[in-house]
Amino acid sequence: LAGGLVKPEDQQDFFEKILRESKRMLTLVEDILRLSKLDEGYPGGRRERVNLLDIVKQAAAALEASAQKKRVTQNITGERHIVVGDPTLLYELVSNLMDNAIKYNKPGGRVDVSLDSENGGVSLRVSDTGIGIDPRHQDKIFERFYRTDKSRSKGTGGTGLGLSIVKHSAEYHAATLHVQSQLGQGTTITVFFPEAIKRS
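For the sequence shown, my numbering gives the first residue as 1251, with consecutive numbering after it.
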């Protein structure tokens, strides 16, 4: 741009590309810093009563524009469930799962998020009607920078670190993760929080 090599009529496209890449790099740096803190045990993390239903609703509201753009409907079911944990980390966990469920969905698809009491704890399930995950990849999706389909990476955005943040956040809260998926039909990821659960 500075050297005058770009035609005036093409400059707007270049500015938009630069802005998109700058935002992507900023998100990548933020995710790397977040994972670095999690690797260190998340010093300074809070332990307080957190209403998971409120967290889910906040994430859904923040992602609604993305969902509408792809014509994906978000559905939330369940009652108030209280866990003891860090609200920021819990939001990151829920938001990353729901964001992926939207990104890898089909146009006109659905994302269902449910909260259910189970075995003295609570299960958070995020289900989509999207492309599904090949069984060969299902045990690797929580690895850093792992992509099941590299050709989709640029189209969907993201840093390849979202599910790794989910994994670390789950571990911080002594929660477990379970993946169920069928190619062409969709994916369900369940997070089970086993302790300090209260319902009100």
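Beta carbons are placed, not taken as given, at the ideal position from N, Cα and C, and that holds for glycine.
Residue state for I1439 is assigned as strand, using DSSP reduced to three classes. With fewer than 16 other beta carbons inside 10 angstroms of its own, Q1262 counts as exposed.
Closest by C-alpha distance to S1367, out of R1330, V1334, L1343 and I1381, is R1330.
Bounds of the alpha helix (DSSP H) holding G1412 are G1412 to Y1422.
If only complete runs of 3 or more residues are kept, the stretch 1283 to 1360 shows the beta strand (DSSP E) at 1298 to 1301, 1323 to 1327 and 1332 to 1335, in order along the chain. Taking I1305 as the centre and dropping the five residues before and after it, the same chain places the C-beta of P1337, L1340, Y1341 and V1344 closer than 8 Å to its C-beta, in chain order. Taken through DSSP and simplified to helix, strand or coil, D1366 comes out as strand. Using a 10 angstroms sphere on the CB of K1417, the tally of other CB atoms reaches 16 or more, which defines it as buried. Here A1311 is exposed. Its C-beta has fewer than 16 other C-beta atoms within 10 Å. Rounded to the nearest angstrom, the gap between the Cα atoms of V1363 and S1377 is 6 Å. Assignment of beta-bridge partners to Q1432 by DSSP yields G1436. For the pair Y1354 and G1436, the Cα-to-Cα distance works out to about 9 Å.
Under the criterion of beta carbons closer than 8 Å, R1297 and V1334 qualify as touching, at roughly 6 Å.
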